[in-house]
Structures are given as structure tokens and as C-alpha cells.
Amino acid sequence: MTTRRELLAALRRAVGEDAVIWRPEDLAAYEYDGTVERSVPHAVVLPSTAGEVQAAVRACLDLGVPITPRGAGTGLSGGAVPLRRGVVISTARMRRVLEVDPLDRVAVVEPGVANLELSRQAARYGLYYPPDPSSQAVCTVGGNVAENAGGPHCLALGVTQNFVLGVEVVTAAGELRQLGGRAPDAFGFDLRGAFIGSEGTLGIATKVVVRLLPVPPAVQTMLAAFPTVGQACEAVSSIIARGVIPSAMEMMDRLCIQAVEARFRVGYPEGAGAVLLVELDGLAEEVQADAARVRAECLERGATAVRVAASDEERALLWLGRKGAIPALGRLAPNYYIVDGVVPRSRLAAVMERVAAVSERSGLRIANVFHAGDGNLHPLILFDEREPGAGERVLATAAEILRVCVDEGGTLSGEHGIGAEKREFMPWLFSEEDLATMERLRDVFGADGGLFNPCKVFPGGTGCGEMGSHAAAVRAAGPDAYV
Amino acid sequence: MASERERGGRWPEPAAAPAAADLARCVHCGLCLTACPTYLVTGLETESPRGRIQMARLIEEGRSQLTPAIQEHWSRCLQCRACEAVCPSGVPYGRIQERARAQVQAQPASGRAALRLRRLVLRQVVARPRVLGAVLAPVGRFGGWRLRGLAERLLPGRLRTMSRQLPSNQGRPFRLEEAAAGNPDGEPVQLFGGCVMRELFGETHRATVRVLARAGARVGAPAGQRCCGALHAHEGDLAFARQLAKANIAAFEGSAGAIVVNSAGCGAAMKEYPELLAGEPGWEERAAAFAARVRDLAEWLAARPRLPRGALGVRTVYQDACHLAHVQGIRREPRALLAAAGCELVETEGADVCCGAAGLYGLVQPGMSAELRRRKAGSFAAARPEVIVTGNPGCHLQYLAAVQEAGVGAEVLHLAEVLDRAWRADGGASG
Ligand SMILES: Cc1cc2nc3c(=O)[nH]c(=O)nc-3n(C[C@H](O)[C@H](O)[C@H](O)COP(=O)(O)OP(=O)(O)OC[C@H]3O[C@@H](n4cnc5c(N)ncnc54)[C@H](O)[C@@H]3O)c2cc1C
Ligand code: SF4
Ligand code: SF4
Chain A
249 MTTRRELLAA
259 LRRAVGEDAV
269 IWRPEDLAAY
279 EYDGTVERSV
289 PHAVVLPSTA
299 GEVQAAVRAC
309 LDLGVPITPR
319 GAGTGLSGGA
329 VPLRRGVVIS
339 TARMRRVLEV
349 DPLDRVAVVE
359 PGVANLELSR
369 QAARYGLYYP
379 PDPSSQAVCT
389 VGGNVAENAG
399 GPHCLALGVT
409 QNFVLGVEVV
419 TAAGELRQLG
429 GRAPDAFGFD
439 LRGAFIGSEG
449 TLGIATKVVV
459 RLLPVPPAVQ
469 TMLAAFPTVG
479 QACEAVSSII
489 ARGVIPSAME
499 MMDRLCIQAV
509 EARFRVGYPE
519 GAGAVLLVEL
529 DGLAEEVQAD
539 AARVRAECLE
549 RGATAVRVAA
559 SDEERALLWL
569 GRKGAIPALG
579 RLAPNYYIVD
589 GVVPRSRLAA
599 VMERVAAVSE
609 RSGLRIANVF
619 HAGDGNLHPL
629 ILFDEREPGA
639 GERVLATAAE
649 ILRVCVDEGG
659 TLSGEHGIGA
669 EKREFMPWLF
679 SEEDLATMER
689 LRDVFGADGG
699 LFNPCKVFPG
709 GTGCGEMGSH
719 AAAVRAAGPD
729 AYV
Chain B
131 MASERERGGR
141 WPEPAAAPAA
151 ADLARCVHCG
161 LCLTACPTYL
171 VTGLETESPR
181 GRIQMARLIE
191 EGRSQLTPAI
201 QEHWSRCLQC
211 RACEAVCPSG
221 VPYGRIQERA
231 RAQVQAQPAS
241 GRAALRLRRL
251 VLRQVVARPR
261 VLGAVLAPVG
271 RFGGWRLRGL
281 AERLLPGRLR
291 TMSRQLPSNQ
301 GRPFRLEEAA
311 AGNPDGEPVQ
321 LFGGCVMREL
331 FGETHRATVR
341 VLARAGARVG
351 APAGQRCCGA
361 LHAHEGDLAF
371 ARQLAKANIA
381 AFEGSAGAIV
391 VNSAGCGAAM
401 KEYPELLAGE
411 PGWEERAAAF
421 AARVRDLAEW
431 LAARPRLPRG
441 ALGVRTVYQD
451 ACHLAHVQGI
461 RREPRALLAA
471 AGCELVETEG
481 ADVCCGAAGL
491 YGLVQPGMSA
501 ELRRRKAGSF
511 AAARPEVIVT
521 GNPGCHLQYL
531 AAVQEAGVGA
541 EVLHLAEVLD
551 RAWRADGGAS
561 G
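If you want it as C-alpha cells, here you go:
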């Protein structure tokens, strides 16, 4: 058993006095991410270099203390919540863009750099980093790597996996390793690929090499309003069937439109059952031609209005509504639980109907905002955690929705990861043997001690606390003389 | 920390505590983190909007007392409200923070004497232009740069920074009677004088009056108006802020037209009088009517159809005052006015990130304030402007110091001063 005093002393030796957080009230600012999960760590460290990350990891391993990596804490699967307490290692002080190489179109960044900051730095050379989670102003490149994050513009270009060339990591065993490199075509085993999407269970990324693309010369953003979600879904399928691949295709339903309008007044048509935001980019003539086809297709499928953003400002406003849509629902209810599932695009309309039925049965309001082009759904269950039994009802409803996704040939996560929230559902998709293979990969990175981001991704495990239960979080925050 | 929730929380003054419903609005999504200057500097959740709200929740839920650490996190907040502007969930951060500060007033952990003194100075000096003038007069007399240089060398660090921050081109203080100007048939407009503005920025006020008159207004300034009370509210002295608000509402009630303000902080506070006076019988409607008349100078001008133009041709950077950009949502108007005046606008990195002046912040948190000023100095050094334009007295002072730090020879001017120059040079052609 390690005392708190020993732990803090070891951490201070590893990263210095200034980079260790230990007061109970301060630690409470690290008990959450963007989800309803909560658990207060015993300490937080903020290393500034890979060397300090390594020293902190080794100090924890020596003392047998659990480790949870943390970027900006915008995660939507509880990944950065230290469910077995222990030490949170935050990358918030590793925020330098080390290099932007306009010739090779490559950038090298520290893991704590915000996604949008990377694109801003690249913009000086007419380049950008395409994967754009809606949280991009804040979420970190390290967190993106860990979650294999996607975003509205990943429809045509692909997700994080497609843009990361190499990662320097401190493994779960405390070793510094290079995975992948700088060259576009790697050879040998793709360990880089194995690390991306590992949700902080294999190690901590300390440097990331990414591929950049030139900013497209022309962009057009349009908004189509439909009477029903079903019609909007059909429009999505038929646009793609026509051979047009927009750079983004995003949908919001009636409840979501209400919340966004209440907060941002972006001018989404009132009374619409669904809006579809479509963006096209490329050469000016191509974009023009595709825009005409998209418009025709939307009208054909019953759109009541199609509006094209006339200026950059209008375009930014349309996107503001979409990017802030999820938290804007905080206006309609004190809490929301966000479900992240994927279904084949052709099944979208059917799945949305089934989700609506689930909502009716459960008596819980469900709003929908999603990356329609990818078939990546985000039903948001609205609730008030102060109502007795609300947490359990919400989790049961979320499980039902995910079951629908899997039944329709889909998966458990499009981009937010499995984290703490969905690990019990993994057996729906993977056999015991499949899961065991993944666990063996974990061992290769030295995570066999079970100390590295425990209680995530894999089902089972002891001492992980009750999911989403506020009472448990408050209990866990009790006297903590021993780790 | 307690292991059980306690009803009513552990606020020193529960009646004036941040509302539980306001706190519950925060869904801890984190989308405000990179808007927050203190998070950008420290990388700490505890110095972020989400963290500061969490601190209030800990107290609300009975999980923590109002500890010295929590007080420190709150007092490091600049109240720039950049977080509020980006928060998709519409968390009323400014309201939460003012109420949180009021709790600190009720139970200051460290420096009870310092807090009392600050409050006393705010009530007895700052809120009274004449007293403020008397206090500042000796400093003002070091008008010439050489004398000032001498005085500087004799002063200890923090005071030296302050002396460096005094504007040198502002002439004598402004008297409200000087506001009477413009075409007798013009649109009536009432100028708000303020406290610091009147004493330290006399020339800015005179330029404002000329600019308003050129734009076709008949300008006046009702007697009986007082300090806006923003500094008091930010320090958590809500009672005195309410007193000042009522005095101002009464002072302007007999006059007609827009109430034009050339200080972002005052304008923001005055537009929020209805919130400050919410629940005060008889005042809610009067406050609403008052707030509906308040316009920032840039906002009022930009809404006029035929303004003079200009051909200044100077390399200009505009810096957003927090309470103009984040609270009043005014970003485009000043830039458009400058462009029409013929300024060659250059955008700098972090133009809308707080400069660290933030009312009395520089005195209370000199370290963080200086770091933010250094960042501005860095951006000026990179942009090499001839003129730096702002719309708030606190920022103005901070930029004077930043310019010296950056070693650039730029002039710091209020928007009104720039327009005054441009429109005079222009000789009268309207466009
Ligand atoms: C409003 C909102 C909208 C969102 N929209 C999208 C979206 O469109 N697409 C999308 O994909 N996601 C989205 N997200 C989810 C979230 O922003 C992403 O998962 C993001 O990648 C998380 O980054 P972060 O820095 O906040 O990581 P955190 O939340 O801090 O951590 C996430 C996981 O990454 C691990 N981790 C963090 N840093 C490292 C590192 N350096 N090395 C190893 N592991 C690490 C953590 O242990 C944790 O498991 C959204 C979130 C919000 C709140
Ligand atoms: S204040 Fe707003 S943006 Fe910040 S965490 Fe809370 S809800 Fe999100
Ligand atoms: S008001 Fe400014 S300093 Fe305070 S929390 Fe918000 S962004 Fe940060």
C-alpha cells in the first residue's frame, strides 16, 4: 500500500513541484470529461516534456498506482476519467507546434496542441489538418489520436487514422518508442495504426507527426430543410448514389434545431423536421456543378427550402450552429447522454424511426445530430440527473439504441470511442477470442499490469465504480489517505 | 471534503450565492477552455471556466468549503467573459462569477484588510470623479516624458508599471458641460462620462463629442450621472453597484435619445443593469428602459447611414476589448469604421484575448497580468503597427505599457481619437 505522501513525493521528483496537483478541491476539477462519468484522481501531473512523461509513468508503475492520460477532457466516452483513481497525466502543458513543413506537407506537434491551433498554424502555408471534430477549438491532437477522432469533414477524406504518419509514445511499460515515421508509405508492421484509437490504454503519445492538405480553392455550404428526418436521410443516400461526395453532410432534427436556435439564432428554418448541412469543396466549377445537383436532389426528396451561404460569415454561422449543437442541448435539459453509433447509410431512415420509438417507450426525449454522410448517429438522451433513477433509465435507453445499431448491421462507436461507457457492450460485436487477441496486443505495450487507463474499452474489471452514478462519485471523493 | 451532499451548500451567504440552476447549465463539455486566457497561460483545469464553475458546484453540493485555494482560482479570473461568448450551453458565467466574488467578500480567507481597503478605495475614490481627480492630479503633473522618466526610476516595480501606464496626451479632465455640442436639429444623444474616463481620458471624451457632432448628433450629458459600478460588481460589491446603477438610471431618465458610451466595460455593465437590479421592486422596468438606450460609440456610429470617411493611411491594429467583443458582441463595427477612415488594418494573433488589465486585476494579480501584457507586446512586435486602437480605458493603459515593452513606436489611441483625426483631415466629404 502506498501512502499519498509517498506518491506525491515521487511525482514531484518526476515532474517538479509546480506540475503536481494535490489539493482535494483542485483534484475535483479533473473528475470529469464531457460525459456523466465522475471519479476524483489522487493526483494530477502536468509534464512539459516526453522525459517528464516517462518519469511520471515510471514513478506510478513503481508504486503500483493506476495512470489515466488526459488531453483537454472533451472526450465523450469517459476515457479521461480516472475510474480507479490514481494519477492523471495531463498533456495541457505540451502545446507547441514543433514544425510545419510546407514542402512535405507535414507537421510535428506536441500532444496537447489543440486540433484547430494546428490548422491555424498550417494556414500560413495554405495548408490545413482535415479531421475536424466539432470540439476542434479545444480537443487535443493527442486525444484525437487516442480516440481516432472524426468530424464533419471526414466524409470525403477520412478520419485521424488517415492523417497521422507517426507517433512518439511513452508506452504503458514506461519506454519511449517511435511508431511509424514521417514518410507517407510506411513498411513493416503498422504499430502506429495499432496505437491510434487505443484510447489511452497502450501509452501516452508525446509527439505526433501528421499529414496536411492544401486548403481547397472553393467552398460552398448549403442548408436544406425537410419536413421529416426520414426524407432528409433519403436525400443523403441519393446524393451519394448520384456520385457526389460532399466534404461534409450533417443532419439535425427538430429538437436539436430548437436548441441551436435558442442559443445561436443562426436562422435554421423554423418548424423544419430536419435540416441537412452540406458542404462541397474543390475547384470552383466542380463545386458549382455539384451544388446544383445537391440542390436538385434535396428538392426531389421533399426539401422545403435550400439556402446557399452567400458569404464566409454566413458559412461560419451555419457551422457554429452545428459545432455547438451538442452542448446547446444543455438549454433544454440539465443533462444529456450522448450515444455514438454507426449504421450503414442505407439503413439511416429505418434506424431513426426505431430510435424515435425507443424514445417514446422510455419517456425520455431524444435529440439527434449526426454525421449523416458516414451513417454516424449521435442520439442525445435528455434528462435531469437529480431525478431519482434517471441515470439507470438513461443507460438502459442508450443500450437499447446501440442494440438497434448493431442489429441493423452497424457498430458501437463512430468516433467517440468505447471508453468506460460502452465496454460492457463489446461482446455484442467481438467474440471472447477476438477480445483476447486485443488484450494480448495490450500486453505487448506493457499494459499487462492493468494500471494503464484501467476500466476502459474491455468489459469487466474490478474496482471500476458504478457507471454514471453521482452518488458513487461523491463517495469516491471521500477521505483519501491511502491510494 | 465531505462525503455527503449537504442541502443548501456551504456558501457563507447562501442568499447571494450563485444560482444552482445557473451552475447546472454547465455540461462540462470543455469547449470554453481555449478561450480562457488563464487556462492558456497555466494549462490548469482549476484556472479554466469549467474548473471555476466546478469549484462553485463543490460548495453548492456541500463537498467543499470556500477554501483559500478556491478563492485564489476565482480571483485569478479576469472576468473577461470570453468563456461565456463561446459556451454553447449558454452558461451565464459573468453572473455566476460576480456572485461567487460576493461570497469571498463575506468570507475573505487571506488579506481581509486588503479587501476592505480595495472596497473602500472603490467606494470612496473611484466612484467620485472629483476625489479620483485629486488623487491622480499629482501623477498627472509629471506630464513631460523626461520628468516622467525621472519619476519612474525612483518608483518601485509595481508602481513603475502603473506610472508607465498613464496616458500622456489626454490634457485636462473632462467636465460634463463640455459635452453640449452639435446641430440643434440633430438626433439627440447623451454621453456617459464615467469615472476613470473623465479624469484620465479628457481628450478622448472631447474627441468623442466632436465625432458624434460630425455624425449629426445633438450631444448632451445629464448631470447627476455617476460611475457605472462595473468595478464594484466585479469585486463582488453588488450592493454599491446597485446604488450606482439606480443613480444613473434616474440621471438619464429626463433626457432623450441613445446613451452613448465610449468605454467597453461601462457599456457592458450598463446594458446589464436589468440583471443587476432583477427583483428590485419598481426598478426592473426602469432598468430595462435604460439598458435599451445604451449604445457603444462604435455601435451607434456604425448604424448611421452617411458618415464622413477618411484617408489616414496608417498601419493600424485594433484590439478587441473583452467587454465589447465577448459581452456586447461588437467586433465588426470598430474595424469597419477604421477601414472607412482609411486605416490600413492588420490583424494580430490573439486580438480578442484579454490584455490582463481587467479593472483592478493588474494590482491584485500582477504576475498573470504581466504575462498577458507580454503576449500582447509580442504580437505588437510582430505586427509593427503605427497605431493601436482600443475602446476601453483599462486596456488603453495596458497597451501603453506593452508598447514600451515591445519597443515599437506605436501610438495608442481610442477609436474616437482616430475618427476625430481622420474626419478632420477629410474636411467634410461624406460618403
Ligand atoms: C461538443 C463536443 C463535440 C464533439 N464532437 C466530436 C466529433 O465531431 N468527432 C469526434 O471524433 N469527437 C468529438 N467529440 C469528442 C472528443 O472531443 C474527442 O474524442 C477528442 O478526440 C478528445 O480529445 P481530448 O483532448 O479532449 O481528449 P480527452 O477527453 O482528454 O481524452 C480522451 C481519451 O484520450 C486519451 N488521451 C488523451 N491524450 C492522450 C495522449 N497524449 N496519448 C494517449 N492517450 C491520450 C485519454 O486517456 C482518453 O482515453 C466531441 C466532444 C464534444 C464535447
Ligand atoms: S461553461 Fe459552457 S463551454 Fe464551458 S464546460 Fe460548461 S457548458 Fe461547456
Ligand atoms: S471570464 Fe475570462 S478569465 Fe474568467 S474563466 Fe472566463 S475566460 Fe477565463
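For the record, the sequence lines run as chains A and B. If you count by our numbering, then the first sequence holds residues 249 to 731, one letter each, in order. If you count by our numbering, then the second sequence holds residues 131 to 561, one letter each, in order. Every residue gets a Cβ at the ideal spot worked out from N, C-alpha and C, and that includes glycine.
(message) If the criterion is Cβ atoms closer than 7 Å, does the pair A604/A and A532/A meet it?
(response) no
(message) Does K670/A come out as helix, strand or coil in the three-state DSSP assignment?
(response) coil
(message) I'd like to check one pair, G414/A with G428/A: are the Cβ atoms closer than 7 Å?
(response) yes
(message) At the level of alpha carbons, what is the spacing between R340/B and A311/B?
(response) 8 Å
(request) Go ahead and pull the three-state DSSP assignment for L331/A. (result) coil
(request) Alpha carbon to alpha carbon, how far is L530/B from A536/B? Give it in angstroms, no decimals. (result) 10 Å
(request) Taking only the alpha-carbon atoms, compute the straight-line gap between G264/A and C325/B and give it to the nearest angstrom. (result) 46 Å
(request) Please name the residues in the region 431-455 of chain B whose beta-carbon is closer than 9 Å to at least one beta-carbon of chain A, in chain order. (result) none
(message) Going by DSSP, what residue range makes up the beta strand (DSSP E) through A693/A?
(response) The amino acid at residue 693/A is misidentified as Ala; the sequence shows Phe. It is not in any beta strand (DSSP E) - F693/A carries neither H nor E in the DSSP assignment.
(message) On the criterion of 16 or more Cβ atoms from any shown chain inside 10 Å, does Q426/A qualify as buried, or is it exposed?
(response) exposed
(message) Just to confirm, is the Cβ distance from A165/B to W204/B under 7 Å?
(response) no
(request) Have a look at V508/A, I574/A and H626/A and flag the residue whose alpha-carbon is nearest the alpha-carbon of L650/A. (result) H626/A
(message) Counting C-beta neighbours from all protein chains within 10 Å, is the total for D426/B 16 or more, i.e. buried, or is it exposed?
(response) buried
(request) Could you check how far apart the C-beta atoms of T322/A and P359/A are, in whole angstroms? I think they sit under 8 Å. (result) At roughly 14 Å, the Cβ-Cβ gap does not stay under 8 Å, so T322/A and P359/A are not in contact.
(request) Please compile the residues from chain A whose C-beta is within a distance smaller than 7 Å of the C-beta of P218/B. (result) R511, G572, P575 and A576
(message) Are the CB atoms of G334/A and V313/A within a distance shorter than 7 Å?
(response) yes
(request) Note down the Cα distance separating R180/B from A320/A, rounded to an integer number of angstroms. (result) 11 Å
(message) With a threshold of 7 Å between beta carbons, is T197/B in contact with chain A?
(response) yes
(message) Which residues does DSSP list as the beta-bridge partners of K455/A?
(response) E416/A
(request) Run down chain E in chain order and give the residues with a C-beta less than 8 Å from the C-beta of G448/A. (result) Included in the structure are the protein chains A and B, with no chain E among them.
(request) Would you mind giving the Cβ-Cβ distance between E672/A and P707/A, rounded to the nearest angstrom? I have them listed as a contact below 8 Å. (result) 5 Å
(request) Quick one: residues in its chain with C-beta nearer than 8 Å to the C-beta of G323/B, no 5 flanking neighbours on either side, listed in chain order? (result) P259, F304, L306, A309, H335, A351 and Q355
(request) Would you tell me roughly how many angstroms separate the C-alpha atoms of I452/A and T339/A, rounded to the nearest one? (result) 9 Å
(request) For S219/B, verify whether its CB is less than 6 Å away from any heavy atom of ligand 2. (result) yes
(message) From the DSSP secondary-structure annotation, give me the bridge partner or partners of R348/B.
(response) G312/B and P318/B
(message) According to DSSP, is Y584/A part of a helix, a strand, or is it coil?
(response) strand
(request) Please determine, among G611/A, G662/A and R253/A, the residue with the shortest C-alpha to C-alpha distance to G621/A. (result) G662/A
(request) Please indicate yes or no: does the CB of C210/B lie closer than 6 Å to some heavy atom of ligand 2? (result) no
(message) Can you pull the chain B neighbours of Y584/A, defined as C-beta to C-beta under 8 Å?
(response) V157
(request) May I ask which residues mark the beginning and end of the beta strand (DSSP E) holding A615/A? (result) I614 to H619
(request) Whole angstroms is fine: what's the gap from G815/A's alpha carbon to A371/B's? (result) Shown here, chain A extends from 249 to 731; a query on residue 815/A therefore has no answer.
(message) Is L153/B close to chain A? Criterion is C-beta to C-beta, closer than 7 Å.
(response) no
(request) Go through its chain and collect everything with a Cβ distance to I269/A's Cβ below 6 Å, but skip five positions before and after it. (result) V292
(request) Provide the residue span of the beta strand (DSSP E) that contains M499/A, from first to last. (result) A496 to D501
(request) Following the continuous beta strand (DSSP E) through G224/B, name the residue where it begins and the one where it ends. (result) Careful: G224/B lies outside any beta strand (DSSP E), inside the alpha helix (DSSP H) at Y223 to A236.
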